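S.K.: Each number in this note's numbering comes from the position in the sequence shown (counting from 1) with 295 added on. By construction, the Cβ of each residue, glycine as well, lies at the ideal position given by its N, Cα and C atoms. It should be emphasised that the depicted structure is a prediction, and the values quoted were computed from it without experimental measurement.
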Amino acid sequence: ALMPLPRQAFEHLEFKIAKVSIDYHIRFSDHFYSVPHQLVKEEVEIRASHYTVQILYKGKPVTSHVRQYNSGGFTTLPEHMPTRHQKQQQWTPGRLKNWAQKIGPDVLGFTQQLLDSKQHPEQAYRACLGLLNMEREYGTQRLNAACHRAIACGGRRVANVRSILQSGLDKVPLTPAKEQETRVTVSHENIRGADFFQ
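Right, dumping it as C-alpha cells:
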C-alpha cells in the first residue's frame, strides 16, 4: 500500500483497424494521418491516446503523430510522401480531372475545387474519388446538376454534393438571386428585413 505512485498517470487508449487509402493516409476520429506510402491499401492498427496516434503494421510501429482534434484536417509527414513510386503514379490530379471532365463541366469544376483546397493535391484524392464514384449511383446528369448547385451555394465538401443528391435538390432548378430577393413581399410589424441588422 505504501509503494510509490507510478511515474506516469494511467492513459486511456483507443484501438482501431484501418485501411490505408491511396493518398497514404488513414482516418481516425474524423482526422487524417499519413503513413509511409508503401502501405497503401494495407490494413494497419491504430493505437490512440489523448495526445498521440500510433500506427502499427503487423504488430510493429511504423509512425506516430501528435493527436489532432480538428475535424477533416490532415497531418502529413514529408517522409511519408512518395517520390517516384508506382502506387503514387496510379492517381494524379490530371487523371482525376480527365475522369471528371468526361462526366461533365460542373463535376470538373468541383473536382478542381477539391484539389485546390489542399496544400498537397494527394490529400484530396480520397474526396475526388468519392465524388466521381457517385456517378455509378446517380448518373452523369444528376451528379453534374448536384455539383453545379453545390458550387453556386458555396458548398466545398463532397458531403454537400451527396446531401443534394439524397434530397433530390439536384432536380430542382436554381432560382436566380433577383427572384429570391423579390419573393418576400409580405408586410408585417414583426418582419424587420435585412436592413434592420446593418
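Taking only three categories from DSSP, how would you classify residue 329?
M.R.: strand
S.K.: By alpha-carbon positions, which one of 464, 462, 318 and 313 ends up nearest to residue 388?
M.R.: 318
S.K.: I need the DSSP call for residue 382, collapsed to helix, strand or coil.
M.R.: With a pLDDT of only 47 at residue 382, under the threshold of 50, the placement of this residue in the model should not be trusted; the figure read from the coordinates follows. Residue 382: helix per DSSP, three-state reduction.
S.K.: Going by the CB atoms, is the gap between residue 427 and residue 409 shorter than 8 Å?
M.R.: no
S.K.: Given a cut-off of 8 Å, decide if residue 358 and residue 330 are closer than it, judged by their beta-carbon atoms.
M.R.: Yes, Cβ-Cβ distance for residue 330 and residue 358 is below 8 Å.
S.K.: Excluding the 5 residues preceding and the 5 following residue 364 in the sequence, name in chain order all residues of the same chain whose CB lies nearer than 8 Å to its CB.
M.R.: 324 and 326.
S.K.: Would you report the Cα separation of residue 308 and residue 348, rounded to the nearest angstrom?
M.R.: 10 Å
S.K.: DSSP state of residue 352, grouped into three classes?
M.R.: strand
S.K.: For the alpha helix (DSSP H) containing residue 441, list its first residue and its last residue.
M.R.: 435-447
S.K.: How big is the Cα-Cα spacing for residue 465 and residue 341?
M.R.: 39 Å
S.K.: From residue 423 to residue 344, what distance separates their C-alpha atoms?
M.R.: 30 Å
S.K.: When you compare the CB positions of residue 346 and residue 362, do they come within less than 8 Å of one another, or not?
M.R.: Against a cut-off of 8 Å, the Cβ pair of residue 362 and residue 346 comes out as a contact.
S.K.: So, does the region 397-408 touch the region 430-442, judging by three or more C-beta pairs under 8 Å?
M.R.: yes
S.K.: If we call anything under 8 Å between Cβ atoms a contact, is residue 454 one with residue 469?
M.R.: The beta carbons of residue 454 and residue 469 sit no closer together than 8 Å.
S.K.: Please go through the same chain and pick out, in chain order, the residues whose beta-carbon is closer than 6 Å to the beta-carbon of residue 430, but skip the five residues on each side of it.
M.R.: 398 and 438
S.K.: On the criterion of 16 or more Cβ atoms from any shown chain inside 10 Å, does residue 395 qualify as buried, or is it exposed?
M.R.: By the 10 Å Cβ count, residue 395 comes out buried.
S.K.: Within the same chain, show all residues whose beta-carbon is closer than 7 Å to that of residue 301, passing over the 5 residues directly before and after it, in chain order.
M.R.: none
S.K.: In the structure shown, what three-state DSSP assignment does residue 316 receive?
M.R.: Reduced to three states, the DSSP call for residue 316 is coil.
S.K.: Mapping DSSP to helix, strand and coil, what is residue 406?
M.R.: It is helical.
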